[in-house]
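Remarks on the structure that follows.
In full-length UniProt numbering, the protein residues as written are 1 to 737.
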């Protein structure tokens, strides 16, 4: 049964802001797995990456987080499909920044007005070329079990492995692992460090790891003979380290015999040297220096293979000597990769080409470092530019994947082809529905017409969104008696959440209070819990401002509450500021399925009087709401409700509040009339765009990672952060968490 891929990301508060590099990190791992230095991203995790059907990135050109929340109700499908969102640093041209400025992109034949780009890189490994690869010639092109990769008796003899009855192996100890091997036999990684003694190479350290990479043995060994050279540079062993050591080779031999099951398969890099130094005979071995075969019997170094295949840096220069546990684990993982992926996948890595590129880069760096400054400058005039760092596109091509880039020709693709303004998003969608299933990695770029995204309209849009958010954060409470106690009012309303400002309204017959909160949940909690309550001796009414923009406020609040990203998240207010995050973790530990606690901070780094709790299950969040409301913690009565603002939105609201008045308001109000004239049409276009994305998403295979990007805007009127939405499509047509 096919495994389901899953995406995990705790994006609350400060963690919800993602850089371009972090996004690149995710895409690289999703597309390449453990190849080409691709490692699990630091800010989220993909489970079962090898089962991903593909990666699709939808870019909404020149749109920002601002557009998503201004047209939140129009993006009906977009906000319901994706569980994870993050704020993104603005990028003027995302496809070019992803593929690299030096990427050799070539427009392909496509319908009128559509830019369809693939790479002209010669790095693609064709199937006919693969047949000449030494790995394919040795193992064939089909996946096989581990027994197909163990060395035969003949291969062991040819590569100087200790064999029972062979000359020079007298006195060697057998591991007695003589049981028949099968494809389910356990693998163990083995590595030793040696020093030079009067006897020859003797073991000074031994490491053994199991199939999960867990260290079973990591032991220093005292040589029998006088040490002539500790080889500290490579072994990391010094005289001082071995002085207190009592363990001898015979002790290690005994322990290894006891630890290894009778059908164990040992894995190592040039494992013959380790077994010779251990003076042990083992019948079933996988040697990664021979497994990843090269032409003419040459071998790749373990350090290079670990980096090129697993994306791991080992044997770092800053470390003193090699770490045998690290080397044993690397060899084991290389063998596991080969067995799981098969010879064809390994051959497609084109390791020879990667090694050549690495050596060229080293030569270039060494040459530049040795030359005087003047000579270096003169040579730059005469020589062609050095090789640039391999771009993301080239890495994909090396693995045999055919990336696809679809967009509108008049967009900036670094002058790759001529403009044609007749293109529509509908044509791009149609082309995407045809081509995306044929590609493992695709970028689809949609755009609204430029007149709708002009910078002056963008400025007006910003003011409208800021103004509406301010109104949603604001409540009016009253009427109060003439000499009411302001301290009591502030205390009562402060229990709903952090207050941005509190002022008395004097234009009315009786005094009212205007309160602006820092979070949407606080304002909504105040409306829900204090309307009709008695505060400061008066029975008061609590309401939001009544403006044209606020007529759909209740609809918007309801949709925010139902937003998939807010599933299982609740807001808790009334906390004492003296409580630390550790205190809260302890207090809330009794709540079932609590996954994450986020405690917002102010500009000075001090905690606010509220927090957000994320639960693994929606029902657990519902149960927690019932339990917390009315709960007293350290003498303070708590209030809670469902969350309204995801982490990235909370951060954005806070920034808008503190940037109020700093954006050049004269520009905004001059263009407001023009904005109103076209905004109704813009709503229709956004709704259609949302429908296009829904149609594309529904056409994707299950287990496809899909990311929708509002890349952000940089203009003379300021910049706006981008927004990312992501998820892996599951059987129900929605993103898997």
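Ideal Cβ positions, reconstructed from N, Cα and C, are used throughout, including at glycine.
**Prompt:** Taking the alpha carbon of residue 353 as the point to measure from, which residue in 329, 300, 403 has its own alpha carbon closest?
**Reply:** 300
Q. Can we say the stretch 583–598 touches the stretch 612–631, given the rule of at least three CB pairs closer than 8 Å?
A. yes
| query | Distance, Cα to Cα, residue 280 vs residue 359? | reply | 37 Å
Query - Straight-line gap, residue 240 to residue 344 (C-alpha atoms, nearest Å) - result: Across the structure, residue 240 and residue 344 are spaced so that their CA atoms are roughly 48 Å apart.
Three-state secondary structure (DSSP) at residue 745? Nothing in the structure corresponds to residue 745, since the chain is present only between 1 and 737.
Just to check my reading of the structure: residue 350 and residue 689 have Cβ atoms closer than 8 Å, yes? What is that Cβ distance to the nearest angstrom? That belief does not hold up - the Cβ atoms of residue 350 and residue 689 are roughly 39 Å apart, past 8 Å.
Whole-angstrom Cβ separation of residue 748 and residue 525, contact assumed at under 8 Å? The structure shown does not extend to residue 748, since the chain is modelled only from 1 to 737, so the question has no answer here.
*asked:* Using a Cβ-Cβ cutoff of less than 8 Å, which residues in the same chain neighbour residue 552 once the five nearest sequence positions on both sides are dropped?
replied: 73
Item to complete: Count the other C-beta atoms from every protein chain shown that fall within 10 angstroms of the C-beta of residue 825, then say buried if there are 16 or more, exposed otherwise.
Response: With the chain represented from 1 up to 737, any question about residue 825 goes unanswered, as that position is not in the structure.
**Sequence-distant residues of the same chain with beta carbon closer than 6 Å to residue 55, five excluded per side** = Correct list, in chain order: 30, 31, 441, 705.
Tell me which residues share the same chain as residue 247 and place their Cβ nearer than 7 Å to its Cβ, disregarding the 5 neighbours each side in the sequence. Excluding residues within five positions, the ones whose Cβ falls inside 7 Å are 219, 220, 221, 222.
* **Host beta strand (DSSP E) of residue 339 (start-end)** => Looking at the DSSP string, residue 339 is not in any beta strand (DSSP E); the run it does join, the alpha helix (DSSP H), is 324–341.
| Hey, would you say residue 495 sits closer than 8 Å to residue 324, going by beta carbons? | no
- prompt: Considering residue 89, what are the terminal residues of the beta strand (DSSP E) in which it resides?
  reply: Where residue 89 is concerned, there is no enclosing beta strand (DSSP E), given that its DSSP letter is neither H nor E.
- prompt: In angstroms, rounded to a whole number, what distance separates the CA positions of residue 122 and residue 608?
  reply: Confidence is the limiting factor: at residue 122 the pLDDT is only 38, short of 50, which leaves the residue's position unreliable, though a coordinate-based value still follows. Going from the Cα of residue 122 to the Cα of residue 608 covers about 57 Å.
Paired residues, beta bridge with residue 61 - DSSP: 447
Could you pull out every residue in the same chain whose Cβ sits closer than 6 Å to the Cβ of residue 128, ignoring the five residues on either side in sequence?
With a pLDDT of only 47 at residue 128, under the threshold of 50, the placement of this residue in the model should not be trusted; the figure read from the coordinates follows. The answer is none, since no qualifying residue turns up.
- Query: Helix, strand or coil: how does DSSP classify residue 432 here?
  - Reply: helix
Original post:
Does DSSP put residue 723 in a helix, a strand or coil?
Top reply: strand
Answer yes or no: do residue 519 and residue 502 have a C-beta to C-beta separation smaller than 8 Å? Cβ atoms of residue 519 and residue 502: not closer than 8 Å.
**Identified DSSP bridge partners for residue 516** = Answer is 474, 501, bridged to residue 516.
When you compare the stretch 273–287 with the stretch 225–236, are there three or more beta-carbon pairs, one atom per stretch, that lie closer than 8 Å?
These segments do not touch.
* **Exposed unless 16 or more other CB atoms sit within 10 angstroms - verdict on residue 487** => exposed
Unbroken beta strand (DSSP E) run spanning residue 641, endpoints: 639–642
Is it right to say residue 21 is buried, meaning 16 or more other beta carbons lie within 10 angstroms of its own, or is it exposed?
exposed
Our contact map puts residue 294 next to residue 41 with C-beta atoms below 8 Å; I'd like the distance itself, whole angstroms only. Taking a contact as a CB-CB distance under 8 Å, the pair residue 294 and residue 41 does not count as one, their CB atoms being some 32 Å apart.
Practice prompt. Indicate whether the contact test is met: 3 or more Cβ pairs, each with one atom in the stretch 551–568 and one in the stretch 627–634, closer than 8 Å.
Written response: no
* **Inter-stretch contact (C-beta, 8 Å, three-pair minimum) for the stretch 324–334 and the stretch 182–202** => Judged by Cβ distances under 8 Å, the stretch 324–334 makes contact with the stretch 182–202, as three or more pairs qualify.
(message) Give me, in chain order, the residues of the same chain whose beta-carbon lies closer than 6 Å to that of residue 5; leave out the 5 immediate sequence neighbours on both sides.
(response) 48, 51, 52, 703, 728
| field | Beta-carbon contacts of residue 549 that lie in its chain and below 8 Å, excluding the five residues immediately before and after | value | 464, 467, 468, 471
**Within the stretch 136–199, ranges of the alpha helix (DSSP H) (whole runs, at least 4 residues)** = 153–158
#### Entry: Outcome for residue 599 when other beta-carbon atoms lying within 10 angstroms are tallied against a minimum of 16
Residue 599 comes out buried.
*Do you know how far the Cα of residue 645 is from the Cα of residue 132?*
57 Å
- Task: Report the residue from 257, 229, 643, 292 whose alpha carbon sits nearest the alpha carbon of residue 275.
- Result: 257
Query raised in the report: Just curious, the alpha helix (DSSP H) that residue 626 is in, first and last residue?
Result: 618–628
- Query: Across which residues does DSSP place residue 205 in a beta bridge pair?
  - Reply: Beta-bridge pairing links residue 205 to 193, 220.
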